[in-house]
Structure formats: structure tokens, C-alpha cells
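> All the letters of the sequence shown, read from the start, carry residue numbers 80 to 382 under the working numbering.
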Amino acid sequence: MNEIFPQGCAWIDNEYVELAEAKIPILDWGFLRSDATYDVVHVWQGRFFRLDKHIDRFFESTKKLRMPCQVSRDELKKILANCVVKGKLENAYVEMIQTRGMSPKFVRDPRLATPRVMAFAVPFGWILKQEDFEKGLDVLLTDIKRIPPSSVDPTIKNYHWMDLVTGMLDAYENGNDTAILVDENNNITEGPGFNLFCVNDTGIFTPDHGVLEGITRQSVFDLAKELNLPIVKKVITVEELQTANELFASSTAGGIMPITKVSGIQIGNGRVGDITRQLHKLYWKKHTDDKWSTSITDILSSY
Ligand SMILES: *Cc1c(COP(=O)(O)O)cnc(C)c1O
80 MNEIFPQGCA
90 WIDNEYVELA
100 EAKIPILDWG
110 FLRSDATYDV
120 VHVWQGRFFR
130 LDKHIDRFFE
140 STKKLRMPCQ
150 VSRDELKKIL
160 ANCVVKGKLE
170 NAYVEMIQTR
180 GMSPKFVRDP
190 RLATPRVMAF
200 AVPFGWILKQ
210 EDFEKGLDVL
220 LTDIKRIPPS
230 SVDPTIKNYH
240 WMDLVTGMLD
250 AYENGNDTAI
260 LVDENNNITE
270 GPGFNLFCVN
280 DTGIFTPDHG
290 VLEGITRQSV
300 FDLAKELNLP
310 IVKKVITVEE
320 LQTANELFAS
330 STAGGIMPIT
340 KVSGIQIGNG
350 RVGDITRQLH
360 KLYWKKHTDD
370 KWSTSITDIL
380 SSY
């Protein structure tokens, strides 16, 4: 085995291949212009978590980009399940991608391109590792502005990540775990691949615009409702973030993850908060619930 590629499997050009063999042509607009959309779902102990919600969002994103998805829902489910099985993974991070593809003779008109769909499965990844849960994340509050919604629709999951990557570089060089970006009015948006929540005496809050509408963010709303906890989408100021009782991040890559420090300064008492703990516990419990998860074997035997 080589040292670059993790264990896993990809599906590209109608074939299942090892990750090292999964390649796209240099003239694909997905590569040259980040003209692509994607989605990531996870598999935990052989079960996809909220798969239909991820596929709904993926189909919605492809439509908004005026390149409706090139495969059907049932086909896509089978492809994703096969990537996990062929990659011999029990817990996986499973990504589906559609790029604008290539146009004949490299003409500029995006409508002339033929979209390309691909997928891959790799081992499950965490923004905050399980063993670091009690420690929580130390995030760097940057002054980098998230690409505004008037430029790129943030509800389309996209690869316009230069702002987020710059944030990550700043964070790592400064000794933080990850970064948070702000909007044009210096209010809180999100971080590289995760949404943010703050908890104060009156409830749970998350930014209402300028962010990707995460499936885990939606899960937090569903779980909060079940636990009878008040939760609201609204503008969140830097001050509200810094003076919160609790902060947490939500992402398919790790679930609900406590943030205990912002730029090195302790949030609340510096320990994982009670609300974060309750949501985290119920979130993982849902991974064996038939209403929230689907077994891979069922997907592969049902069509
Ligand atoms: C994927 C992503 C998230 C988290 O969404 P989930 O569906 O919960 O994984 C948040 N922000 C950005 C920019 C993302 O790309």
C-alpha cells in the first residue's frame, strides 16, 4: 500500500476502483473552476445516518447549479453502499460529488458540459476525536469574512473553500484546533465543515443565514425538540459567542462536538456543558434507530 491514500473505495466513470485509481481529467470544470457540488454522509457500525436527507440536499444542490443529478436516488444509494462494502469499512465518511464535467473542445459555455458523478468511502473522520471529547475544541475566532451569500449560495455544498482553508492555516499556525469565520457585519458564520451553536440562559442559538444548512444542524433542532429545549436561528454576535454558557460545533464528520475555548479563552466554566452532553448522547443513540439510520445490507438487498 502507498502512504497517501487511506483505506476505501471510489466509484468513477461507472466503475469501482481503489482510491489511488480514482482520477478526473485536468479539463474537468470541477477542478479548474470549483464548479461542482458534493455531499457527505456517514456510516456508523454498518448503518448510514440520515441518508435520504443528504441525498435530498445533494439533488437540491445539483438543481440549483442547473445540472440536475445524473443518477437516480436508488442507484446513488447502491453506489454509496457498495463503496463502503468494497472499502471494507464499518465506520465511514462517504462522499458523493457532481462536477460540471468537460465541454467539447473546451468551450466556455457551462451548459455544453457533460456533468460527472463520482463517489468514495474512506474511514470515518472526526473534527474532534472521541478521546478528546472532554477537552473540547479550542477554536480561533478569525477576522476572515466567509464568502457572502450574495456571491456564492452557501446552501449549495461547494468547494469554494479558500476562506475556510485560510482560517485553518491561521488556526493551526496559532496552535488552535480549527477556525470560525465571520460575515460582512462581523457576526458569526461557521467553520471549515461545521455549523456553530451557542447556549445561554434562554436557549440554544445558531446563525440564521450565510451558512451551509447542515444535516447535523437539522439533527440538533430535531433532538432539541425531543428534549424540550428551546432552540432558535438568529444572528449571533462575537460578544454572544464569547459570553455563552456553552458552545458546540455540528458536522457529519464527528457529530456534536463541544467547543471549550475561543482563541484560547475559556467558554463558561471551560468544561463540556450539560446541554451539549445531552444532545451528544441522544445523537449517538439515534444511530441504531430505524427512523434515523439505514443498514447497508438492507440497501444492497432491496433493489
Ligand atoms: C458540510 C458542511 C457543514 C456541516 O454540514 P453537515 O451536513 O452537518 O455535515 C457546515 N459548513 C460547511 C461549509 C460545510 O461544507
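Ideal placement from N, C-alpha and C gives every residue a C-beta, glycine not left out.
#1: Evaluate the contact criterion for the stretch 98-112 versus the stretch 294-311: three or more CB pairs, one atom per stretch, below 8 Å.
#2: State buried or exposed for residue 281, treating a residue as buried only when at least 16 other CB atoms are found within 10 Å of its CB.
#3: What's the C-alpha gap between residue 341 and residue 215?
#4: Is it buried or exposed, residue 255, if we count other Cβ atoms within 10 angstroms and call 16 or more buried?
#5: Can we count residue 294 as close to ligand 1, meaning its CB is less than 8 Å from some heavy atom?
#6: On a Cα-Cα basis, can you pick out the residue from 135, 181, 246 and 358 that is closest to residue 115?
#7: Rounded to whole angstroms, what's the CA-CA distance from residue 351 to residue 344? Just pull it up for me.
#8: At what residues does the beta strand (DSSP E) containing residue 200 begin and finish?
#9: Report, in whole angstroms, the separation of the C-beta atoms of residue 87 and residue 212, which I expect to be a contact under 8 Å.
#10: Which word fits residue 295, buried or exposed, when buried means at least 16 other C-beta atoms lie within 10 angstroms of its C-beta?
#11: Report buried or exposed for residue 274, applying the criterion of at least 16 other Cβ atoms within 10 angstroms of its Cβ.
#12: Please report the Cβ distance between residue 168 and residue 122, rounded to the nearest whole angstrom; I am assuming they are in contact, meaning their Cβ atoms lie under 8 Å.
#13: Check whether the stretch 216-228 touches the stretch 258-268, taking contact to mean three or more Cβ pairs, one atom from each stretch, closer than 8 Å.
#14: Determine the closest residue to residue 314 out of 247, 234, 268 and 192, with distance taken between C-alpha atoms.
#15: DSSP state of residue 123, grouped into three classes?
#16: My parser needs the beta strand (DSSP E) runs of 3 or more residues fully inside the stretch 260-295; what are they?
#17: Taking residue 383 as the reference, which of 291, 328, 195 and 127 has the closest Cα?
#18: Using a Cβ-based criterion (distance less than 8 Å to any ligand heavy atom), does residue 109 qualify as near ligand 1?
#19: Say the cut is 8 Å; is the CB of residue 330 nearer than that to a heavy atom of ligand 1?
Taking the geometry as given:
#1: no
#2: exposed
#3: 11 Å
#4: buried
#5: yes
#6: 181
#7: 14 Å
#8: 193-202
#9: About 25 Å separates the two Cβ atoms, so there is no contact after all.
#10: buried
#11: buried
#12: 7 Å
#13: yes
#14: 268
#15: strand
#16: 274-279 and 282-285
#17: Residue 383 is absent from the structure shown; the chain starts at 80 and stops at 382.
#18: no
#19: yes
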